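Working notes, structure below.
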Amino acid sequence: MGAKLDDSGNCPRVKKFSVPSELGAPRSSFVPNIFLNDMSSFVEENLGISMRAFLNLGVTLLIALLAGIAHWRHLDGLFENDRHFSHLSTLEKEMAFRTEMGFYYSYYKNYIESPSITSGLRFFVNDHLSESPKVINALKRFNLYPEIVIGNLQRTYTGFMEFFGLPSKACYDVHRVNDASPVEGCEGLGDPAYFYVTCVFVLNGLMMSLLFLYGTYLSSSRLGGLVSVLCFFFNHAESTRVVWTPPLRESFSYPFFVMQMLMLTYIIRNQNPGRKVLAALGVCNILFMLPWPTSQYILLTQVACLYACYVMGYITPSLLKRLIAVHMAAASVCSVLLFGNTSPSSLYASALLAAWVVVSFRDILFKDYPHGGQRALVQGFTWFGLTVPLKWTLSAVLGTSDVHISHVVSSKFNLNKDFISMMYSCVDEYDYMELETILGYIKTLLLPLNLIIMGFIGLKTGYKVMNYLKQPTVKEEETQDDTEQVPDLNNGEVVFNGLQLLAFAVLAVMVMKLKVFLAPHMCIMASLLCSRPLFNWLGDRSKHHMVIFWVLSIMAVQGVVNIQKQREIGGDFRSPAQEELLQWINTNTPTDAVFGGAAPTMASVLLSTRRPIVNHPHDEDPGQRERTKMVYSMYSRKPVMEAMKSLMELKVDYFILENTWCFPRAREGCSLPEIWDVEDVANRGKPPLCALLSADPQPHFRTAFENKVFKVLQVPKPTR
């Protein structure tokens, strides 16, 4: 069909659509520009930031997400390679959770197998299995909130999948070597053990995302965040134990500590946090403290670092009081949720109270010390001098004590040697940091880099702090705004993180298991290599970036080797002797039969057989340590009747004897008979009771079961 002609016989001119000149854009970009303008206006009005800042934030969060996913998959792959977890039977998966891991996992198993949530919670607060015949509040004693949360998630997931008729797991027969019978192996979130481990690894993937954000914020550079992540991967074996011990309390607690430290760094940098920020900090404190009793000692070092920053002028008095209030409120909430397990007489609580008193009454207490340096020195000694007496006083009034910590300290300095302190000194996790660990930090340049960064922090801040301490102190009421107390000092968050690194270094050197705080924080501090204020002397950004990539290249030489070594770790978990033992218990003993023995084995008995036990690996409670000591009298040199009397007193029906606990170990003085020699001087030199019973338990005990590793002795019932 042709074009219509006008009266003159010509085709009419087509009127073109033109864009007004004030829009300043051709037609192809007109609609996108309108969208971008609207989007920019929306972002500025609702978020209070520019569109450029919003896009930068999006890129940062995307990188953080990718780092978290990479760490999650890395953990999952290492765990699967080490144990071939997906091809283990249910019993083998449970046996793979040794010592405390199996003990914690047993509560998760009981919770998801309970008929209802209420019945599961009822068992938590009325546990009659773990310290038979006592009934204890396990939720108070063992910090089991992670098991409740994961248990509820697992119930919800399986219920959802069943409702829609979707498969939640895949099961198959696994044929084993050495004539072992085939077992059924399952993988997928419908398998309880698989679901539990996946939740732990996802949470620690989130930790890596937070680590990236932490390094990015501290260094004000996304490249700094990448440096932190790479350093963590390069030193992965020294930075976390979660891949080998998923159910331990630190696996649930540490990610929230990273979040808490990130928020605290933000608060110190900005100096004037709002209520929402302080409330979020309090929530992080609670989530850090609830799963792990050791957390309060880590927070004690944090309070000390905050107080040191206040003394040096990096934190204003009003900010420190608000932070102390947040700590106190969070500790109070944890004490309620743990039924009073977080003691108000702890050193952490005493340090908070002492800091509050010193800061609140500083103008009265130190009016005779107007000079900044004098006042700083006196405030430091006063805080320490108040903390220790407060601790002693509160402990005496409330009738509580940190016996657990005193035994650990005794084991470190050979003070007051006894059975309990020797048990701690023979556990690798409580030993001093190994030289091999320090050499590993040096090979990846993590330690040298941190020493250089700490040196520059000291040089940058030392002069300013000395000038501040030389100035006369201005009273708070003489200033209109407390934030004006120290106008010439900044970068307080860097100083705080540096002090926290020093505290972690001391803890890690003293107690090896606490290196899980040192190594990640060194990775975070390594991000400061990208800090322009700290390294602007390197020249412009291009030269600075060249130095950063040069350092990363050298770190990667050993770092990649470390990653490859981890990835090459392979195995297939098997424990035929223990499997035979647990199957015998399930088949041949009454459900109310009470067992005693080595604490790690007792955790497996509780988990896989649901039989009552009298001792377990969780050694925070002094009463439980004494019960374990009574059970371990079977590994002493005492007369057999004395050891048998201890078992009868605990109402033990079966004692599981293990030769590995009887014979000398690699570390001299760390077999149980040798540990008993420290305290039981009267019987020193006699043959170990366990060796005699292993050869012939008659006439005092009857052998109910025996294989290459275990011998189950039936304990006679006491007679009137």
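Residue numbers (the working numbering): 509 to 1228. Using N, Cα and C, we set each Cβ at its ideal position, and we do this for glycine too. All values derive from a computational prediction rather than experimental measurement.
Where residue i falls, given that 16 or more other Cβ within 10 Å makes a residue buried
{"i": "residue 723", "result": "buried"}
{"i": "residue 651", "result": "buried"}
{"i": "residue 1061", "result": "exposed"}
{"i": "residue 1069", "result": "exposed"}
{"i": "residue 1051", "result": "exposed"}
{"i": "residue 683", "result": "exposed"}
{"i": "residue 733", "result": "buried"}
{"i": "residue 895", "result": "buried"}
{"i": "residue 1183", "result": "buried"}
{"i": "residue 1122", "result": "buried"}
{"i": "residue 527", "result": "Confidence at residue 527 is low in this model, with a pLDDT of 41, below 50, so the placement of that residue should be treated as unreliable; the coordinate-derived value is given next. Flag for residue 527 reads exposed."}
{"i": "residue 1084", "result": "exposed"}
{"i": "residue 1089", "result": "buried"}
{"i": "residue 536", "result": "Below a pLDDT of 50, predicted positions are generally treated as unreliable, and residue 536, at 48, falls in that range; no measurement from the model is reported."}
{"i": "residue 1229", "result": "Since the first residue of the chain shown is 509 and the last is 1228, residue 1229 is not available in this structure."}
{"i": "residue 996", "result": "Annotation note: pLDDT 47 at residue 996 (below 50); position unreliable, coordinate value reported separately. Exposed."}
{"i": "residue 940", "result": "exposed"}
{"i": "residue 699", "result": "buried"}
{"i": "residue 754", "result": "buried"}
{"i": "residue 991", "result": "Bear in mind that the predicted position of residue 991 carries a pLDDT of just 41, short of 50, making it unreliable; the figure below should be weighed with that in mind. Classification of residue 991: exposed, given that the 10 Å Cβ count is below 16."}
{"i": "residue 1049", "result": "exposed"}
Nearest to residue i (by Cα), restricted to the options the options
{"i": "residue 804", "options": "830, 776, 838, 833", "result": "838"}
{"i": "residue 602", "options": "1111, 968, 1048", "result": "1111"}
{"i": "residue 642", "options": "1166, 970, 1131, 891", "result": "1131"}
{"i": "residue 1144", "options": "934, 1200, 828", "result": "1200"}
{"i": "residue 884", "options": "821, 598, 860, 905", "result": "821"}
{"i": "residue 1029", "options": "672, 874, 1012, 1040", "result": "1012"}
{"i": "residue 1102", "options": "1186, 1225, 728, 1189", "result": "1225"}
{"i": "residue 935", "options": "1019, 1155, 728", "result": "1019"}
{"i": "residue 628", "options": "1106, 763, 619, 829", "result": "619"}
{"i": "residue 834", "options": "772, 1147, 693", "result": "772"}
{"i": "residue 1169", "options": "866, 1141, 873, 868", "result": "1141"}
{"i": "residue 830", "options": "855, 860, 608, 558", "result": "860"}
{"i": "residue 847", "options": "836, 1027, 632, 1064", "result": "632"}
{"i": "residue 615", "options": "577, 572, 659", "result": "659"}
{"i": "residue 1195", "options": "1163, 840, 1148, 1223", "result": "1148"}
{"i": "residue 697", "options": "663, 1031, 760", "result": "663"}
{"i": "residue 1217", "options": "1106, 888, 813", "result": "1106"}
{"i": "residue 862", "options": "842, 828, 875", "result": "828"}
{"i": "residue 1038", "options": "673, 958, 1098", "result": "958"}
{"i": "residue 960", "options": "589, 1042, 730", "result": "1042"}
{"i": "residue 886", "options": "566, 783, 645, 819", "result": "819"}
{"i": "residue 593", "options": "745, 693, 870", "result": "693"}
{"i": "residue 1073", "options": "549, 680, 557, 582", "result": "582"}
{"i": "residue 607", "options": "776, 671, 998, 1114", "result": "1114"}
{"i": "residue 1026", "options": "578, 766, 690", "result": "766"}
{"i": "residue 973", "options": "1128, 599, 598, 823", "result": "823"}
{"i": "residue 1108", "options": "562, 1124, 1097", "result": "1124"}
{"i": "residue 571", "options": "560, 998, 738, 1024", "result": "738"}
{"i": "residue 892", "options": "998, 813, 798, 1221", "result": "813"}
{"i": "residue 1256", "options": "649, 623, 621", "result": "Lying before the first or after the last residue shown, residue 1256 is absent from the chain, which here runs from 509 to 1228."}
{"i": "residue 798", "options": "756, 826, 842", "result": "842"}
Residues bridged to residue i [DSSP beta-bridge criterion]
{"i": "residue 1221", "result": "1163, 1211"}
{"i": "residue 932", "result": "DSSP output for residue 932 lists no bridge partner at all."}
{"i": "residue 682", "result": "691"}
{"i": "residue 635", "result": "644"}
Nearest-angstrom beta carbon gap, residue j and residue i [assumed within contact, 8 angstroms]
{"i": "residue 955", "j": "residue 1059", "result": "No, residue 955 and residue 1059 are not in contact; Cβ-Cβ is about 13 angstroms, not under 8 angstroms."}
{"i": "residue 1093", "j": "residue 1075", "result": "Contact flag wrong, Cβ pair sits at about 37 angstroms."}
{"i": "residue 585", "j": "residue 713", "result": "Not quite, the Cβ-Cβ distance comes to about 12 angstroms (not below 8 angstroms), so this is no contact."}
{"i": "residue 731", "j": "residue 1056", "result": "6 angstroms"}
{"i": "residue 1242", "j": "residue 1024", "result": "Because residue 1242 is not part of the residues shown, which for the chain are 509 to 1228, the question remains open."}
{"i": "residue 1034", "j": "residue 735", "result": "5 angstroms"}
{"i": "residue 1188", "j": "residue 1146", "result": "7 angstroms"}
3-residue-minimum beta strand (DSSP E) runs that sit fully inside the region 1088 to 1171, ordered along the chain: 1103 to 1105, 1162 to 1166
Runs of alpha helix (DSSP H) wholly within the region 686 to 735 (minimum 4 residues, chain order): 700 to 727
Complete alpha helix (DSSP H) runs within the region 766 to 810 (minimum length 4 residues, chain order): 783 to 797
Sequence ranges, alpha helix (DSSP H) only - wholly within the region 582 to 609, length at least 4: 598 to 604
Segments of 4+ residues assigned as alpha helix (DSSP H) that fall wholly inside the region 996 to 1037: 1000 to 1018, 1023 to 1034
In chain order, each beta strand (DSSP E) run of at least 3 residues that lies wholly inside the region 1033 to 1062: none
Whole runs of the alpha helix (DSSP H) within the region 821 to 867, excluding any shorter than 4 residues: 825 to 845
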